[in-house]
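Enquirer: Quick one: this structure, given as structure tokens, is what I'll be asking you about.
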Ligand code: GDP
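Now the structure itself:
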């Protein structure tokens with residue numbers, strides 16, 4: 009996940025501070041030096057880092073911190089506040105026109121994730137009760153129109169296209185008529201990108217802007233490109249005066265510099281974060297939550313939102329009932345796991361839990377998605393009878409299951425053991441005998 013290395017370093021630094029009862033000016037300065045190095049290594053813009061550290065130092069070296077009973081915590085609090093401010097303070101919504109249709113224009117370089125983000129945004133708006141129209145305005149990349157049409161089909165949302173031999177300005181204008189005759193209140197306009205910024209592209213985008221006067225221009229940039237993303241953003245903003253940024257590929261192993269520098273350099277807020285290739289992988293960007301994730305304080309609010317969106321409440325209720333009656337089977341185990349997986353990659357989910365944010369702890373936990381694939385394959389290779397009553401699984405059945413699932417007998421044994429432990433724990437929970445501090449064994 010993005011920021012994992014930065015998070016690990018910062019948390020190490022702060023753990024050292026937390027352990028000290030009293031802090032000297034020297035302690036704080038040494039810690040801030042480590043913070044500075046970690047930020048530079050994460051590819052945060054040099055000037056941004058310098059200003060950031062200066063601000064924290066001004067606040068952290070004063071009496072307020074030195075005389076505090078928990079000086080370490082106090083420093084972390086200051087860093088958290090400044091980091092939030094750096095990313096824009098609070099979340100920023102997209103502008104909705106009082107007179108429909110609202111026009112959202114997506115701009116960005118080729119490959120940044122513009123078309124995908126257009127689809128993700130359409131999905132989000134649709135879920136929020138809007139009637140979005142996707143508009144295929146990228147007439148130069150032959151596959152772009154088809155790509156948008158496929159996204160529209162998957163989302164069951166309309167796509168307006170005039171083919172690839174029309175002028176993008178005409179397409180943008182035409183989409184307004186189409187939207188009003190088809191009852192669409194929001195237009196999401198995909199536009200052409202190039203591999204690099206070029207004059208022709210900018211002029212075309214300016215003409216579209218002048219022709220349809222968008223309510224919101226969203227610039228899509230790829231977090232994996234680091235400081236380049238920031239430079240690209242600066243260029244686009246100078247020409248088009250964008251309203252906000254969609255930072256994509258935050259699920260990758262980018263070091264995170266773009267996310268921390270872009271607001272300070274361009275003055276424009278990140279409004280959305282792309283966190284995967286699936287259409288559901290778009291999050292509203294909350295600077296406060298992002299900052300606490302980086303500092304290992306977790307992000308319980310995003311976790312709850314994700315759970316609400318991905319977990320089927322009906323199924324969850326039924327499962328609870330089964331757990332209470334101790335009728336939990338391996339089939340339920342698999343279903344429950346699938347629901348958790350719908351929420352996203354494991355390391356990302358665990359990263360939102362306070363205290364688990366540190367990449368180091370996650371590595372130790374070894375809850376990788378591959379392991380979940382194994383479990384799924386093993387359970388799929390069982391007969392319905394075996395899933396309902398794992399006690400019947402004898403030696404020869406174990407061998408068959410291991411072969412069928414492409415795993416090993418050890419893996420099968422491990423899963424059965426985990427399942428037994430989970431059941432046992434449920435039983436204890438039900439009878440109220442759960443010991444204090446008893447943990448849950450993750451699969
Ligand atoms: P465009 O040329 O800007 O329209 O870019 P596309 O929308 O075609 O995206 C380029 C590639 O990036 C595709 O393979 C997408 O699946 C991928 N992509 C887009 N957004 C994300 C994201 O948030 N995470 C990941 N992992 N991949 C993404």
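Residue numbers (our numbering): 9 to 451. For each residue, glycine too, the CB sits at the ideal point set by N, CA and C.
Can you have a look at residue 100 and say buried or exposed, based on whether 16 or more other CB atoms are within 10 angstroms of its CB?
Expert: Burial call: buried.
Enquirer: At a cut-off of 7 Å, would you count residue 157 as near the ligand GDP, judging by its Cβ distance to the nearest heavy atom?
Expert: Checking the Cβ of residue 157 against the ligand GDP gives no.
Enquirer: Check residue 431 in the structure and name its three-state DSSP category.
Expert: In the structure shown, residue 431 sits in a helix (DSSP, three-state: H, G or I).
Enquirer: Mind checking residue 428: buried by the 16 CB within 10 Å criterion, or exposed?
Expert: By the 10 Å Cβ count, residue 428 comes out exposed.
Enquirer: What residues match up with residue 230 in a beta bridge as DSSP calls it?
Expert: Partner(s): 256.
Enquirer: Just to confirm before moving on: does the CB-CB distance between residue 260 and residue 231 stay below 8 Å?
Expert: Yes, these two residues count as a Cβ contact at 8 Å.
Enquirer: With C-beta atoms as the reference, is residue 84 less than 8 Å away from residue 64?
Expert: Contact: no.
Enquirer: Which residues share a DSSP beta bridge with residue 140?
Expert: Answer by DSSP bridge pairing, in chain order: 194.
Enquirer: Which residue comes first and which comes last in the beta strand (DSSP E) that contains residue 280?
Expert: Its beta strand (DSSP E) spans residues 278 to 282.
Enquirer: Taking residue 352 as the reference, which of 337, 286, 390 has the closest Cα?
Expert: Here the closest residue by C-alpha is 286.
Enquirer: Please name the residue in 204, 146, 68 whose C-alpha comes closest to that of residue 37.
Expert: That would be 68, whose Cα lies nearest to the Cα of residue 37.
Enquirer: The ligand FAD and residue 123: does the residue's C-beta get closer than 7 Å to at least one heavy atom of that ligand?
Expert: In the structure on display, the ligand FAD does not appear, and the ligands it does have are the ligand GDP.
Enquirer: Does the stretch 43 to 53 touch the stretch 264 to 282, meaning 3 or more C-beta pairs lie closer than 8 Å?
Expert: In short, these stretches touch, since the Cβ pair count reaches three.
Enquirer: Determine the DSSP secondary structure at residue 86, reduced to helix, strand or coil.
Expert: Note: residue 86 maps to helix in three-state DSSP.
Enquirer: Can you give me the start and stop residues for the beta strand (DSSP E) that residue 31 sits inside?
Expert: Unbroken run through residue 31: none, as it is neither H nor E.
Enquirer: For residue 6, count neighbouring C-beta atoms within 10 Å of its own C-beta (all shown protein chains included) and say buried if the count is 16 or more, exposed if not.
Expert: Nothing can be reported for residue 6: it is not among the residues displayed for the chain, which extend from 9 to 451.
Enquirer: Would you be able to state if there are at least three C-beta pairs under 8 Å between the stretch 214 to 227 and the stretch 251 to 260?
Expert: In short, these stretches touch, since the Cβ pair count reaches three.
Enquirer: Along the chain, where does the beta strand (DSSP E) containing residue 111 start, and where does it finish?
Expert: Residues 110 to 116.
Enquirer: Closer than 7 Å by C-beta to residue 202: which residues in its own chain qualify, once you throw out the five before and the five after it? Chain order, please.
Expert: Around residue 202: 117, 118, 209.
Enquirer: Could you give the distance in angstroms between the alpha-carbon of residue 305 and the alpha-carbon of residue 420?
Expert: Cα to Cα, the separation comes out at about 36 Å.
Enquirer: Considering only the alpha carbon of each residue, which of 22, 28, 34 lies closest to residue 43?
Expert: Looking at the Cα atoms, 22 is the closest of the given residues.
Enquirer: What's the C-alpha gap between residue 105 and residue 111?
Expert: Whole-angstrom Cα-Cα distance: 8 Å.
Enquirer: Would the stretch 22 to 35 and the stretch 238 to 249 be scored as touching if the rule is three or more Cβ pairs under 8 Å?
Expert: Segments in contact, no.
Enquirer: Considering only DSSP beta bridges, list what residue 292 is partnered with.
Expert: Paired residue(s): 280.
Enquirer: Which residues bound the alpha helix (DSSP H) around residue 24?
Expert: Segment 12 to 26, the alpha helix (DSSP H) holding residue 24.
Enquirer: For the candidate residues 313, 317, 314, 341, whose alpha-carbon lies nearest to that of residue 326?
Expert: With distances taken between Cα atoms, residue 326 lies closest to 341.
Enquirer: Closer than 7 Å to a non-hydrogen atom of the ligand GDP - does that hold for the CB of residue 169?
Expert: Checking every heavy atom of the ligand GDP against the Cβ of residue 169, none is found closer than 7 Å.
Enquirer: Just the C-alpha distance for residue 315 and residue 412, rounded to the nearest angstrom, thanks.
Expert: The alpha-carbon atoms of residue 315 and residue 412 are separated by roughly 32 Å.
Enquirer: Look at the alpha carbon of residue 151 and the alpha carbon of residue 216, and state the distance between them as a whole number of angstroms.
Expert: Distance between the alpha carbons of residue 151 and residue 216 is about 21 Å.
Enquirer: Flag residue 436 as yes when its Cβ comes closer than 7 Å to any non-hydrogen atom of the ligand GDP, and as no otherwise.
Expert: No.
Enquirer: So, are the CB atoms of residue 290 and residue 198 less than 8 Å apart?
Expert: Not a contact, by the Cβ cut-off of 8 Å.
Enquirer: Can you list, in chain order, the residues of its chain whose CB lies under 7 Å from that of residue 393, leaving out five sequence neighbours each side?
Expert: Hits under 7 Å: 400.
Enquirer: Let me check understanding here. Comparing Cα to Cα, which of 88, 415, 114 lies closest to residue 214?
Expert: Residue 114 is the option with its Cα nearest to residue 214.
Enquirer: Report yes if the C-beta distance between residue 196 and residue 184 is below 8 Å; otherwise report no.
Expert: Against a cut-off of 8 Å, the Cβ pair of residue 184 and residue 196 comes out as no contact.
Enquirer: Mind checking which residues open and close the alpha helix (DSSP H) that includes residue 452?
Expert: A query on residue 452 cannot be resolved here, the shown segment of the chain reaching from 9 to 451 and no further.
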